[in-house]
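In my numbering, the protein residues as written are 18 to 485. Below is one structure; the comments refer to it alone.
Okay, structure coming up:
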């Protein structure tokens, strides 16, 4: 660290900014706080004149053409101009003085050096922050839990990732990631509702409605507002996606081991056990049109795809993501161990998944088991005993219980212990909270990288050695 930077950040009173960029939400706040000050959508609206709209403004139905576009996809910024405007808008709302406060930004483990360089350039060229630090999301989660050695299972909006963290550092080459997460569940819900022929309209389109029940009344009774025809397809799709998200949160439940066996008898019409499960587990959901639908076994079947992504058969193939075994594009998956204690010289042992065994499509339990199987044998017991479950999709009812049983069965020689924060808001914001904890530590001041140091040392050295 340069002497200039040490002069600037020598005190503990520095109140840093923490920016957490996610596929579903972007979070902004102050280091040391328990929760972010701003939680806003990772999408933005754009009027015909080019004006951008952020936050709740994108949920307002307008007379003029209004497009909704993503700022972030797969936890990576895809619209840099919109990202800058969103950051600037909320920095101003929070009265952030960028000249006086360094900023910590979270990033996924699959971010490339090209992306990271562009992110740093955005911060230094568009703003005047004196210091910057890029922190990996799993590392932030480990700090939030106070566990330097752990296995972070992050069930987010667009992906599920499993990352070993050792001494606070992510073992990226031993990590896996699949797209079978929250958005995948949304696609299944959409496919199921569409297949049933149920009408779905955004709540902002509805002028009046009459309560009906499906399937007794197959046609919903509602009236649309006059300006609906002017709405763009992107606005309508975004609003409908919000319905699927609410449906997912209130209706889905991961089946237990016993219920999973009952689901296997779905195709047997004479199965009393299947009918019993369906009757026992019914739950209703009211669509914006006023039509209520009741699901029993179906809500278990949809949630089961987190563990077995091929369990649900899509009626509309375009909604189905490509098959993935978890290997991250651009990152060479480490079948030899990325981390190996210096003193250990004995031969690596084959893991519980059979070492080189290949699985076409992996669910969350298979991902965790595979990662455990390829990390160093001396780390397995420690990481298996410190598995942190985080992310919004992890809040699906009974998920952690099922994951525990699956992992215990798949890894009989290990003591499995899951750590999942009970407070739902805390779990959803866990990576931001971890960044808040990390950047507020008294010893963290030496980690900030100034623009001067970045330019003097060069991007490659800074990215590879300082931002780990």
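The C-beta atom is built at its ideal place from N, Cα and C for all residues, glycine as well. Remember, it's a predicted structure, so these values are computed and weren't measured experimentally.
For residue 298, the closest of 187, 309, 305 and 317 by C-alpha to C-alpha distance is 317. Taking the Cα positions, residue 232 is about 10 Å away from residue 214. Taking one beta carbon from each stretch, the stretch 465-484 and the stretch 68-76 have fewer than 3 pairs nearer than 8 Å; the two do not touch. Each residue's CA atom was taken as its position, placing residue 173 and residue 48 some 23 Å apart.
Assignment of residue 329 by DSSP, reduced to helix, strand and coil, places it in the coil class. Counting the other CB atoms within 10 Å of its CB gives residue 305 a total of 16 or more, which places it among the buried residues.
Contact between residue 448 and residue 167 does not hold, since the beta-carbon distance rounds to 14 Å and is not under 8 Å. Of all C-beta pairs linking the stretch 182-191 to the stretch 240-247, fewer than three are shorter than 8 Å, placing the two stretches out of contact. Residue 91 carries a coil assignment under DSSP once its states are collapsed to helix, strand and coil. Looking at the backbone, the Cα of residue 45 and that of residue 276 are separated by about 41 Å. Per DSSP, the unbroken alpha helix (DSSP H) holding residue 156 starts and ends at 154-162. With 16 or more other CB atoms across the displayed protein chains lying within 10 angstroms of its CB, residue 161 is buried. Contact between residue 198 and residue 177 is confirmed by a C-beta separation of about 5 Å, below the 8 Å threshold.
The DSSP assignment places complete beta strand (DSSP E) segments of no fewer than 3 residues inside the stretch 52-115 at 55-58, 60-64 and 83-87, in order along the chain.
Taking one beta carbon from each stretch, the stretch 428-436 and the stretch 398-416 have 3 or more pairs nearer than 8 Å; the two touch. Excluding its 5 nearest sequence neighbours in each direction, residue 61 has C-beta neighbours in its own chain below 7 Å: 69, 70, 71, 75, 86, 88, 99 and 103, listed in chain order. In this chain, the beta strand (DSSP E) harbouring residue 44 covers 42-47.
Membership of residue 300 in any alpha helix (DSSP H) is not indicated; the residue belongs instead to the beta strand (DSSP E) covering 300-303. Remark: C-beta atoms of residue 455 and residue 381 do not approach each other more closely than 7 Å. If you compare the alpha carbons of 445, 473 and 465 with that of residue 154, the shortest gap goes to 445. A Cβ-Cβ separation of about 10 Å leaves residue 202 out of contact with residue 268 under the 8 Å criterion. Beyond the five residues adjoining it in sequence on each side, residue 123 comes within less than 6 Å, by CB distance, of 37, 152, 154, 157, 448 and 452 in the same chain, given in chain order. Here residue 52 is exposed, its C-beta having fewer than 16 other C-beta atoms within 10 Å. Your pair residue 33 and residue 121 checks out as a contact, with CB atoms roughly 6 Å apart and the cut at 8 Å. Non-local beta-carbon contacts of residue 349 in its own chain, meaning distances under 8 Å to residues more than five positions away in sequence, involve 190 in chain order.
Beyond the five residues adjoining it in sequence on each side, residue 179 comes within less than 6 Å, by CB distance, of 170, 193, 384, 385 and 388 in the same chain, given in chain order.
Judged by beta-carbon spacing, residue 406 lies beyond the 7 Å limit of residue 414, meaning their Cβ atoms are not closer than that value. Residue 184 is bridged by DSSP to nothing; it lacks a bridge partner. Pairing residue 59 with residue 40 gives a Cβ-Cβ distance under 7 Å.
Ranking 394, 441 and 261 by CA distance to the CA of residue 303 puts 261 first.
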